[in-house]
Amino acid sequence: CLVWTLHGFLLPALLCNRSGGRSKSPQENLRSTPASRGDLSDGAERHRRPYSRHPDGWYMTTAGVVSAMVVKSHLTARATDIFLVTFPKSGTTWIKALPYSALHRRADELLAHSPHQLISFLESQVFVKDRIPDLSSLPEPWLLMTHIPSQSLPDSVAASGCKVVYLCRDPKDCFVSLWHFWNRFMPWNIDDAHRQFCNGVSLFGLYWEHVLSYWNWHVERPSEVLFLTYEELAADTLGHLRRLAEFVGRPFTTEEQDARVDRKIVEICAMESLSGLEVNRSGMTNFTKKDVPNNISFRRGVVGDWRNHLTPEMARRIDEITEVKFKGSGLLLHPPFLQVKRELNEL
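In mature numbering (1 follows the signal peptide of the UniProt record, and there is no 0), the protein residues as written are -21 to -1, 1 to 326.
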């Protein structure tokens, strides 16, 4: 069975304008952006994290910022496309596996391929450094993944009316997962990391702004943007898989449900199942021209694991920001944020 990925279609290209002349490269634009480097507070600088500032105000590695700028300039979304979006460490691997299986009914491919091999990241696998891919040969629909904040996506994503699936997670669990991920590369004190996360010096910017922008988009265009939470997905994976299938235009038929096709997908896509597969325990996937172990995408994935890592003061700080940032948006009535006021009173 043919697995459609984007890697085989990457074509090196010069960054040129439509008239054929050379346009200013994203690297040059980044160098000319005020405060693109060195304006981080002491925690990030002390740990030498290679962050650069995107012109829209969020932080990422220099290579990631450049790639995001190239995505905005060169990707043209179509009405048939499906974009999967998360803030980092919010259930990204899961939200790749489930929609892929729902759309193609080929969950068995996950037994031999990492979800990151089946659905590519725009900014770290497709538009990488000097690569501008020709995606015209890919069959419709495109199924693409990104962490890019909504304001930095190509205008065509909103204009085309394509589908967007956004998955968010309790910011406390999200932070803990991010911290563990960072520590795989360079040890970082959790107090410093917590301060940076709360201040927005984190991959792809301030968590709350990232989530809120996609939530508002969902409120404005619910037929185009599906907003899910990790906690809802964990509580009723089968029900939300069926929602996903309906949303991407491939609802499960009665016959498929009777044959337990949807339930088999849930079983294969369960995090404990995926993390135990050989391809995810010892395999590698190419990101930003480097091979990265698949196992870095898996940790515990447990709802509420933050209680094992955060002090009451740390948890309260994140909850207080959540209450202020999401007030009046409707998000505080949505799991997991429904619990914020109660937890603030308990701490």
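Here a beta-carbon is modelled for each residue, glycine too, at the ideal position from N, C-alpha and C.
It should be emphasised that the depicted structure is a prediction, and the values quoted were computed from it without experimental measurement.
request  = Tell me whether residue 304 sits in a helix, a strand or coil according to DSSP, three-state version.
outcome  = The residue labelled residue 304 in the question sits at position 325 within the sequence shown. Here residue 304 sits in helix by DSSP.
Cβ shell of residue 62 (< 6 angstroms), same chain only, five flanking positions each side left out = Residue 62 sits at position 83 when you count from the first residue of the sequence shown. 123 and 143.
Inter-stretch contact at 8 angstroms, needing at least 3 Cβ pairs: the stretch 49 to 56 / the stretch 123 to 139 = yes
message = Nearest by alpha-carbon distance to residue 338: which of 233, 111 and 126 is it?
response = With the chain represented from -21 up to 326, any question about residue 338 goes unanswered, as that position is not in the structure.
query = For residue 287, which of 205, 151 and 313 has the nearest alpha-carbon?
reply = Taking the sequence shown and counting its residues from 1, one reaches residue 287 at position 308. The candidate whose alpha carbon is nearest that of residue 287 is 151.
ask   = Can you list, in chain order, the residues of its chain whose CB lies under 6 angstroms from that of residue 101, leaving out five sequence neighbours each side?
value = Residue 101 sits at position 122 when you count from the first residue of the sequence shown. Same-chain partners within the cutoff: 50, 123 and 125.
query = By the 10 Å Cβ neighbour count, where 16 or more other Cβ atoms means buried, how is residue 290 classified, buried or exposed?
reply = Here residue 290 corresponds to residue number 311 of the sequence shown, with the count starting at 1. Its Cβ having fewer than 16 others within 10 Å, residue 290 is exposed.
request  = Please report the Cβ distance between residue 78 and residue 223, rounded to the nearest whole angstrom; I am assuming they are in contact, meaning their Cβ atoms lie under 8 angstroms.
outcome  = Counting from one through the sequence shown, the residue named residue 78 turns up at place 99. Counting from one through the sequence shown, the residue named residue 223 turns up at place 244. Correct: roughly 5 angstroms between the Cβ atoms.
ask   = Do you know whose CA, among 212, 155, 93 and 128, lies nearest residue 293's CA?
value = For the purposes of this step, residue 293 is identified with residue 314 of the sequence shown, where counting begins at 1. Checking every option, the nearest Cα to that of residue 293 belongs to 155.
Option nearest residue 211 by Cα separation, candidates 312, 44 and 97 = For the purposes of this step, residue 211 is identified with residue 232 of the sequence shown, where counting begins at 1. Of the candidates 312, 44 and 97, the one whose C-alpha sits nearest the C-alpha of residue 211 is 312.
request  = In the DSSP assignment, find the alpha helix (DSSP H) that holds residue 248 and state where it starts and stops.
outcome  = Your numbering for residue 248 matches position 269 in the sequence shown. First-last of the alpha helix (DSSP H) with residue 248: 240 to 248.
request  = Compare the beta carbon distance of residue 67 and residue 183 with 8 angstroms and say whether it is the shorter of the two.
outcome  = Against the sequence shown, residue 67 aligns to sequence position 88. Against the sequence shown, residue 183 aligns to sequence position 204. For residue 67 and residue 183, yes; Cβs fall inside 8 angstroms.
query = By the 10 Å Cβ neighbour count, where 16 or more other Cβ atoms means buried, how is residue 71 classified, buried or exposed?
reply = Walking along the sequence shown from the start, residue 71 turns up at place 92. Under this definition residue 71 is a buried residue.
query = Excluding the five sequence neighbours on either side, which residues of its own chain have a C-beta within less than 7 angstroms of the C-beta of residue 189, listed in chain order?
reply = Locating residue 189 in the sequence shown gives position 210, counting from the first residue. 66, 128 and 183.
task = From the DSSP output, in three-state form, read off residue 9 for me.
result = Position 30 of the sequence shown, counted from the start, is the residue given in the question as residue 9. Residue placement at residue 9 is flagged as unreliable, the pLDDT there being 46, under the threshold of 50; the coordinate-derived value follows with that caveat. It is helical.
ask   = At which residue ranges does the stretch 53 to 111 contain complete beta strand (DSSP E) runs of 3 or more residues, listed in the order of the chain?
value = 61 to 65
ask   = By the 10 Å Cβ neighbour count, where 16 or more other Cβ atoms means buried, how is residue 90 classified, buried or exposed?
value = For the purposes of this step, residue 90 is identified with residue 111 of the sequence shown, where counting begins at 1. Result: exposed.
inquiry  = Between 219, 231, 140 and 164, which has its C-alpha nearest residue 74's C-alpha?
reply    = As a position in the sequence shown, residue 74 is number 95, starting the count at 1. Considering only alpha carbons, the answer is 219.
task = Flag this pair as yes or no: are the beta carbons of residue 209 and residue 64 separated by less than 8 angstroms?
result = Looking up residue 209 in the sequence shown gives position 230. Looking up residue 64 in the sequence shown gives position 85. It is not a contact, given that the beta carbons lie outside the stated cut-off.
message = Mapping the DSSP letters down to three states, classify residue 178 as helix, strand or coil.
response = On the sequence shown, position 199 is the one that residue 178 refers to. The answer is helix: DSSP assigns residue 178 an H, G or I state.
ask   = Ends of the beta strand (DSSP E) at residue 147?
value = Here residue 147 is taken as the residue at index 168 of the sequence shown, counted from 1. Where residue 147 is concerned, the enclosing beta strand (DSSP E) stretches over 142 to 147.
task = Go through its chain and collect everything with a Cβ distance to residue 307's Cβ below 8 angstroms, but skip five positions before and after it.
result = As a first step, residue 307 must be located in the sequence shown, where it is residue number 328. If we look at residue 307 and ignore the five residues flanking it on each side, it has no Cβ neighbours.
message = Rounded to the nearest angstrom, what separates residue 141 and residue 225 at their Cα positions?
response = Mapped onto the sequence shown, residue 141 falls at position 162. Mapped onto the sequence shown, residue 225 falls at position 246. For residue 141 and residue 225, the distance between alpha carbons rounds to 14 angstroms.
ask   = Would you call residue 283 buried or exposed, if buried means 16 or more other Cβ atoms sit within 10 Å of its Cβ?
value = Taking the first residue of the sequence shown as 1, we reach residue 283 at position 304. Residue 283 comes out exposed.
message = Using only CA atoms, which one of 241, 99 and 145 lies nearest to residue 200?
response = Locating residue 200 in the sequence shown gives position 221, where the first residue counts as 1. Selected option, being the one with the closest Cα: 145.
task = State buried or exposed for residue 48, treating a residue as buried only when at least 16 other CB atoms are found within 10 Å of its CB.
result = In the sequence shown, counting from the first residue as 1, residue 48 sits at position 69. Residue 48 is buried by the Cβ-count criterion.
Reduced DSSP category for residue 185 - H, G, I as helix; E, B as strand; rest coil = Taking the sequence shown and counting its residues from 1, the one referred to as residue 185 is at position 206. In this structure, residue 185 counts as coil in the three-state DSSP scheme.
key: Assigned secondary structure, residue 164 (DSSP; H/G/I helix, E/B strand, else coil)   = Indexing the sequence shown from 1 puts residue 164 at position 185. Here residue 164 sits in coil by DSSP.
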